[in-house]
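Student:
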Amino acid sequence: MQILAPVVLIITMGWVLVRTGFLSNPAVGELNRLTYWVGLPALLIQRIGTAAPDFGRVGDMLSVLLLATGVSVLVAALVARLWRLPGQSFVTFVHGAYRGNLTFIGLPVVIYAFAGSPEASTYEAVALVAFVPLVVIYNIVAVTVMQLPGRQAPMVALSRVARGVATNPILLGTLLGVLLALSPLALPLAADRTLAAVGQMALPLALIGIGGGLYATRIRGRVRWAVGAAALKTTVGPLAGLFFGVTFGLSTDELRLALVFLACPTASAAYVLVQQMDGDTALVASTIVLSHLFALPVMLLVLALTA
9 MQILAPVVLI ITMGWVLVRT GFLSNPAVGE LNRLTYWVGL PALLIQRIGT
59 AAPDFGRVGD MLSVLLLATG VSVLVAALVA RLWRLPGQSF VTFVHGAYRG
109 NLTFIGLPVV IYAFAGSPEA STYEAVALVA FVPLVVIYNI VAVTVMQLPG
159 RQAPMVALSR VARGVATNPI LLGTLLGVLL ALSPLALPLA ADRTLAAVGQ
209 MALPLALIGI GGGLYATRIR GRVRWAVGAA ALKTTVGPLA GLFFGVTFGL
259 STDELRLALV FLACPTASAA YVLVQQMDGD TALVASTIVL SHLFALPVML
309 LVLALTA
């Protein structure tokens with residue numbers, strides 16, 4: 009609980025700040041923009057570039073994450089088929105049931121989970137390198153799934169994904185960090201301290217943004233379907249990850265990293281994509297809110313089992 013307490017308290021603070029009018033919804037949007045384009049890339053460059061990640065560990069963990077994500081997509085599609093969800097609700101259900109908020113929830117929890125550990129920097133770097141390919145895969149699968157009803161030309165959807173990947177600041181920050189880690193050159197002290205200082209703002213601002221976003225996002229209907237999607241999001245991935253993690257022989261700490269990522273609630277970005285591609289916005293909004301409630305006990309269990 010000591011690991012999740014700061015995360016929950018800062019998210020709650022963000023909710024209260026917006027609820028009381030201290031922060032407006034546009035201000036929260038600007039904070040998220042600052043975090044996404046400046047804070048998180050600085051954090052990634054500095055943490056990865058100075059830690060020399062073990063890429064062997066990254067490969068096994070990424071395999072576990074991708075396999076577990078595949079299982080989540082298949083199970084969600086099967087459940088949606090059994091419930092006979094109509095086209096746009098079907099793909100929205102699947103989208104909400106697998107796409108986790110790795111950037112704004114997963115990273116803070118992972119970093120707090122290893123704070124003070126002798127190998128904290130090593131595991132942080134492994135997590136940071138592993139999560140970026142997973143985010144890219146999430147985006148590709150998301151657009152592919154939302155494309156199934158065929159309302160948008162495939163080439164338009166693919167070009168959107170390619171453009172998004174090429175300009176993704178999280179991906180670019182990670183690539184720069186990896187290049188620094190592989191290079192014999194070290195960051196100049198002034199640059200290292202500047203990136204570290206800027207990166208320190210990323211985690212609290214990300215969590216404040218989540219809290220503010222949760223206040224603005226309401227349960228808007230489709231409750232039964234949303235409960236199902238949120239429950240699948242926070243259970244199927246971690247269970248599949250546990251199975252594959254043991255099969256691949258991940259260490260306890262590596263398993264902790266993988267399961268935290270897989271237990272993350274549905275990403276707020278899911279709403280934006282569903283809205284852009286004419287999906288079921290009521291279903292995805294309800295799924296986002298409910299999955300945050302469901303994720304807390306699951307993450308507590310994950311952290312307790314891998315302590």
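Okay, so the sequence shown: first residue is 9 according to the working numbering, each after it adds one.
By construction, the Cβ of each residue, glycine as well, lies at the ideal position given by its N, Cα and C atoms.
Suppose you measure from the CA of Val186 to the CA of Leu90; what does that come to, to the nearest Å?
Tutor: 44 angstroms
Student: If I follow the unbroken alpha helix (DSSP H) through Met307, where does it start and stop?
Tutor: 289 to 313
Student: Got a sec, what are the start and stop residues for the alpha helix (DSSP H) Phe30 sits in?
Tutor: Segment: none, Phe30 is in no alpha helix (DSSP H) and carries neither H nor E.
Student: Fully enclosed by the segment 102 to 149, which alpha helix (DSSP H) runs are 4 residues long or longer?
Tutor: 115 to 121
Student: Should Glu262 go down as buried or exposed, given a rule of 16 or more other Cβ atoms within 10 Å for buried?
Tutor: buried
Student: Whose CA, out of Val235, Leu74, Gly253, Arg27, lies closest to the CA of Thr274?
Tutor: Here the closest residue by C-alpha is Val235.
Student: Express the C-alpha separation of Gly78 and Ala84 in angstroms, rounding to a whole number.
Tutor: 10 angstroms
Student: Just to check my reading of the structure: Trp233 and Ser97 have Cβ atoms closer than 8 angstroms, yes? What is that Cβ distance to the nearest angstrom?
Tutor: 7 angstroms
Student: Measuring alpha carbon to alpha carbon, tell me which residue in Ala293, Leu17, Arg201 is nearest Gly219.
Tutor: Considering only alpha carbons, the answer is Leu17.
Student: Under a Cβ-count criterion, where at least 16 other Cβ atoms within 10 Å of its own Cβ denotes burial, should Gly181 be classed as buried or exposed?
Tutor: buried
Student: Figure out for me which residue from Ala266, Thr260, Tyr223, Gly287 has the closest Cα to the Cα of Val36.
Tutor: Checking every option, the nearest Cα to that of Val36 belongs to Tyr223.
Student: Out of curiosity, what's the CA-to-CA distance linking Gly287 and Val99?
Tutor: 8 angstroms
Student: Using CA coordinates, which residue listed in Ser191, Ala239, Asn176 is at the minimum distance from Val87?
Tutor: Residue nearest to Val87 within the set Ser191, Ala239, Asn176 is Ala239 (criterion: CA-CA distance).
Student: By the DSSP assignment, the alpha helix (DSSP H) with Arg55 in it spans what residues?
Tutor: Boundaries of the alpha helix (DSSP H) around Arg55: 48 to 57.
Student: How about the segment 104 to 119 and the segment 241 to 260: do they share at least three Cβ pairs that are nearer than 8 angstroms?
Tutor: Two segments are said to touch when three or more pairs of C-beta atoms, one from each, lie closer than 8 angstroms; by this definition the segment 104 to 119 touches the segment 241 to 260.
Student: What is the DSSP secondary structure of Thr274, counted as helix, strand or coil?
Tutor: strand
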